[in-house]
Every structure is written in structure tokens, then in C-alpha cells.
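J.: Position 85 of the sequence shown, counting from 1, maps to 1419 under the working numbering, and the rest follow consecutively.
Before I ask anything, let me first share the structure, which is written out below as C-alpha cells.
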Amino acid sequence: MGSFEELKYKFMHLLRVFADNPVETAQNFLLFFCFLVLVVLIFNWKVQKAIAKQRKIQKKREKVLKLLQGNRYEQATLATEADAEDHAKQE
């Protein structure tokens, strides 16, 4: 039970400090709030940069994949044409 009384005493002391210095208390809360907003904005900016980087990497991967698939299609077409020519020569 002693810890509850101690907690109650600390809370009452905090209320007394707030009541004695309302302007300073408001300034402290405002400063803390501004700090939190700044942290959130920086975090959001970093997340947006990371998302943009991931999108750029994904676009590069898609481009390379498209090139590879296009080359496979061209190689398959060329192989089919070569087979057709070989078959025509054999006949």
C-alpha cells in the first residue's frame, strides 16, 4: 500500500506544480507536442523515401524481367524459324 501512497503524493505534487506555474506548464506541453510532431514528420518523410526507393527497384526488376521474357520469345521465334528452314531444306 505504501507505493500507492507514494504515487498519490507524486501526483498531487505534479498538480501543485501545474497550478503554481500554468504558463510554464503550457509552454512545456507545447514544446513536447512540437517535438512529437517533428518526430512524426521526419519518420513519415523517411518512410515515403523508402517506399519510393522500393517502387524504383520494383520498376527496374519489372523492366529486366520484361526484357528477359522478350528475349526468350525472340529466341523461341528464331529457333522455330530455323527449324522450319532446316525442315524445308531436308525436303
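In this text, a Cβ means the ideal position worked out from N, Cα and C, and glycines have one as well.
Can you grab the Cα-Cα spacing for the pair F1367 / A1360, in whole Å?
T.: Those two C-alpha atoms are separated by around 10 Å.
J.: Any idea what DSSP makes of N1355, helix, strand or coil?
T.: N1355 falls in the coil class under three-state DSSP.
J.: Give me the Cα-Cα distance between V1357 and V1351, rounded to the nearest whole angstrom.
T.: Distance between the alpha carbons of V1357 and V1351 is about 11 Å.
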